[in-house]
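These protein sequences, in sequence, are chains A and B. Residue numbering for the first sequence follows the UniProt record's numbering, beginning at 1 and increasing consecutively. Residue numbering for the second sequence follows the UniProt record's numbering, beginning at 1 and increasing consecutively.
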Amino acid sequence: MENKLKRKMLWLDAWDIEEQEAWFSHMSLQGWKLIGISKWMAEFEKCEPQKVNYRCDVFKLNDKSENNRIEFYKQSGWEHIATRGFIQVFRDMKGDNSLEIHTDPIEQAATLSILKQDITKRGILTLLLSVITLMLIVGAHQIDPVGNYLNDKFIETIVLIIAYMSISITMVNGMIHMSKLMKRLKSGSLLEHEKSYHRKIKRNKVVGITVIFILSLWVLTVFLNLMNSLQEDRFPAIPKTELPIVQMADFIDDFTYIDEEGLSYFKENSSFLVPRQYQLEQMVEVPGETWEDNSDIYSPSISSFGYEVRSEWLAKKFVQDLKEKHTYYAENYVKVPESKFDELWLSQGNFNAAFIARKHNKVYRVLYYGKGSIDEIIERALAKAER
Amino acid sequence: MANDQRAPMTEAMYYVLLALYNPLHGYAVMDEVKKVSNGRIIMGPGTLYGILKRMQQENFIVLDELDGRRKIYHITENGREALKHEHQRLTCMVDDGKPLLGNGDSNGK
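Listed below in C-alpha cells is the structure:
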C-alpha cells in the first residue's frame, strides 16, 4: 500500500458544498483520502478505509485578513487539504471531532456571501455574453441561409446554442442553489454534511460528457472540412458521361472548351440537408459560329447547379432562400405561371438568362449566357428532373 | 428602554465580547466562551473567526501581535461600550418580562 494515487474528475460544482463534503468522506470510507484539488480533478491517496469528516468552508486563501484562519482551524483539529476557488476543504484530524467549524448558521451565511456574489457576478456575465453571442450567431445565420442547406452551417448554430445554453443553465442553477443554501442558513438550520450526491454527479456527468462530445465532434468536423478544402481539386475535369444536371452538350452539338484554368469544371458535394449537390461551369467556343453582330466567335457559357434536398418541404424553403440570395446578386426572378416544374422562376436579360426550378425535392439553378433559347434549356432540365 | 441606535448583537457576538473582557489569544476565546456561558455555548473555529474579523472591522476589538506568533485580542472602549449597552438591553428585556412571567427559575414550565 505505498503511495498509490488516483485522480477523479470533480463532477460536483464548487457551490455543491454539502455534496462535496459527503463525497470526500465517502471516498475515505472506500480507502481513498483526499490530498488535493487541481482545476477539475480531485487527487486521492490510498489509505486504510476509515470514516473521516470533511468540511468545505468559503474564504479567499490569499486574502491578508484571512492569514490566521487556517492555523486557527488547525488548533481545533481541522486540517486544510485543498483549495477550489473560494472553497477550502478541511479534514477532521481527530477522527470524531465534535467541534464543527461552523456552529452558528447566521455567521456561516455571512461567509457564504462571497461565493454567492462571485457566482452571481459570473452568472450574469455568462448570461449576457450568451445572449450577445447567440444574437450574433442567429444574425450571421440569416445573412446566408443557403449555407445552412449546402454547407451544414446550421449545425454550428445548434452546437453553439447547446454549449451556451448548458453553461448558462449551470450558472443559473448555481445562483439558485446558493440562494437556497443562504436562505436555509438564515432560517437557522446548519448545513447537512452527509447529503446524497449521486444524482448530482450523474446528472453533471451526463450533461458534461454530452456537451464535450458534441463540441469535439463539431471541432473535428470543422477541422476535417478545412483539410478537405485545402486538399481538394479546385477545378475538377468535367466527365465525358452524361451529368445529372443541364450541360452544354444537351443543346450544342459541337464546341471546344476555352483553354484557361478555372473556366470549366464539375464539382460534386454533399451536406446533411442536401445530400447531392452538383455544380458545372462551362465556357466554350463554337467553331464556325459568331455572335449575332458578327463581332466575334460565338462563346456561350453556362453555370448549372443541381440539388437533391432531403425532403420536398425543405426543397420549397431552399428555393425561397436561393431566390432571395441571388436576387440580392442582381438576378431578378419572376414566377412562370405555367410549367411542368412544381415551381419555376425566371430572370431574363439580353444574352443572359437564369432560372431556378423545382420538381419534388430536386432543385436546379442555371445561368446561361448565349444566343440559344432559355426555354430549350428549361426543357432539358425538366428531362433531367424526371429521370 | 432608551432609544437605540445600535442593532442588537447576535448571541455569539455577545459571548465573544464577554469572553474578551480580559485580553486573550484567539484560540483561548473558544474555551472562554464555553466557560462564561456555563458550557451552554460551544463555538466552532469558523464561527469564532468570522466574528473576530467582523468585530475588528467594527472596532470592538483590536489584535496585538506580541512576539509575532501569539496574537492577543483586546476589547476596545467602543467594544466595552457596546457590550454594556447590550447587557443593559438584555436586562431590560428580562425585567419587562418579570411582572408576567415571574423570576427566571419558575418560568417556561
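The C-beta atom is built at its ideal place from N, Cα and C for all residues, glycine as well.
Consult DSSP for residue i and reduce its assignment to one of helix, strand or coil.
i                      : result
residue 92 of chain B  : helix
residue 353 of chain A : strand
residue 119 of chain A : helix
residue 203 of chain A : helix
residue 389 of chain A : Examination of residue 389 of chain A is not possible in this model, given that chain A is present from 1 through 387 alone.
residue 51 of chain A  : coil
residue 313 of chain A : helix
residue 63 of chain B  : strand
residue 340 of chain A : coil
residue 358 of chain A : strand
Mind checking residue i: buried by the 16 CB within 10 Å criterion, or exposed?
i                      : result
residue 225 of chain A : exposed
residue 380 of chain A : buried
residue 338 of chain A : exposed
residue 333 of chain A : buried
residue 102 of chain A : buried
residue 248 of chain A : buried
residue 92 of chain B  : exposed
residue 176 of chain A : exposed
residue 47 of chain B  : buried
Between the Cα of residue i and the Cα atoms of the options, which residue gives the shortest distance?
i                      : options                    : result
residue 297 of chain A : A/184, A/371, A/190        : A/371
residue 181 of chain A : A/58, A/217, A/27, A/78    : A/58
residue 7 of chain A   : A/36, A/25, A/285          : A/36
residue 188 of chain A : A/233, A/256, A/108        : A/108
residue 152 of chain A : A/258, A/238, A/276        : A/276
residue 238 of chain A : A/208, A/304, A/309        : A/304
residue 272 of chain A : A/174, A/73, A/354, A/154  : A/154
residue 308 of chain A : A/149, A/31, A/115, A/137  : A/149
residue 134 of chain A : A/121, A/162, A/119, A/111 : A/162
residue 234 of chain A : A/314, A/268, A/208, A/158 : A/268
residue 130 of chain A : A/96, A/167, A/121, A/139  : A/167
residue 243 of chain A : A/265, A/202, A/118        : A/265
residue 112 of chain A : A/185, A/196, A/144        : A/185
Please report whether the beta-carbon of residue i lies at a distance below 7 Å from any beta-carbon of chain B.
i                      : result
residue 388 of chain A : Given a span of 1 to 387 for chain A in the structure shown, any question on residue 388 of chain A remains unanswerable.
residue 271 of chain A : no
residue 57 of chain A  : yes
residue 83 of chain A  : no
residue 44 of chain A  : no
residue 103 of chain A : yes
residue 100 of chain A : yes
residue 13 of chain A  : no
residue 168 of chain A : no
Have a look at the DSSP bridge pairing and note the partners of residue i.
i                      : result
residue 281 of chain A : A/265, A/303
residue 25 of chain B  : B/72
residue 82 of chain A  : A/89
residue 348 of chain A : A/353
residue 40 of chain B  : Note: residue 40 of chain B sits in no beta bridge, so no partner.
residue 38 of chain A  : A/41
residue 274 of chain A : In the DSSP output, where bridge partners are listed per residue, residue 274 of chain A has none listed.
residue 369 of chain A : A/301, A/352
residue 257 of chain A : A/284
Of all the CB atoms in chain A, is at least one closer than 7 Å to the CB of residue i?
i                      : result
residue 8 of chain B   : no
residue 49 of chain B  : yes
residue 73 of chain B  : no
residue 45 of chain B  : yes
residue 12 of chain B  : yes
residue 106 of chain B : Its pLDDT being 48, under 50, residue 106 of chain B is placed unreliably by the model, and the measurement read from it follows with that caveat. So, not an interface residue.
residue 27 of chain B  : yes
residue 2 of chain B   : Confidence at residue 2 of chain B is low in this model, with a pLDDT of 44, below 50, so the placement of that residue should be treated as unreliable; the coordinate-derived value is given next. No, its Cβ sits nowhere closer than 7 Å to a Cβ of chain A.
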